[in-house]
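Worksheet: one structure, shown below.
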Amino acid sequence: MNWNQVQGNWKQFKGAVKEKWGDITDDELEQIDGKRDILVGRIQEKYGMAQEEAERQVKAWEKAQV
5 MNWNQVQGNW
15 KQFKGAVKEK
25 WGDITDDELE
35 QIDGKRDILV
45 GRIQEKYGMA
55 QEEAERQVKA
65 WEKAQV
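What the sequence shown shows, in the numbering used here, is residues 5 to 70, in sequence order.
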């Protein structure tokens with residue numbers, strides 16, 4: 005799966021994002037609106053991790069979405 009598919013179907017993927025990163029609020033999911041860079045930044049902020057680690061997690065999550 006590529007990110008364009010996630011972005012184009014964001015409403016469908018929000019639940020999976022919330023399941024993986026439960027600290028992200030519904031309001032934040034609305035703000036993210038399928039934008040990968042904003043999701044990565046929000047994960048960094050919420051979980052106190054480096055950008056590289058947040059990118060790695062998003063990439064792994066993206067690959068798992070079939």
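Glycine included, every Cβ here is placed at the ideal spot set by N, Cα and C.
Under 8 Å between C-beta atoms of residue i and residue j
i, j, result
"Gly45", "Gln11", "no"
"Val21", "Arg40", "no"
"Glu66", "Trp7", "yes"
"Asp30", "Tyr51", "no"
Exposure label - residue i; buried when at least 16 CB within 10 Å
i, result
"Ile47", "buried"
"Ile42", "exposed"
"Ala64", "exposed"
"Ala68", "exposed"
Other residues of its chain near residue i: CB distance less than 7 Å, five sequence neighbours each side excluded
i, result
"Gln55", "Val44 and Gln48"
Residues of its chain near residue i, where Cβ-Cβ distance is below 8 Å and the 5 sequence neighbours each way are ignored
i, result
"Met5", "Glu66, Lys67, Gln69 and Val70"
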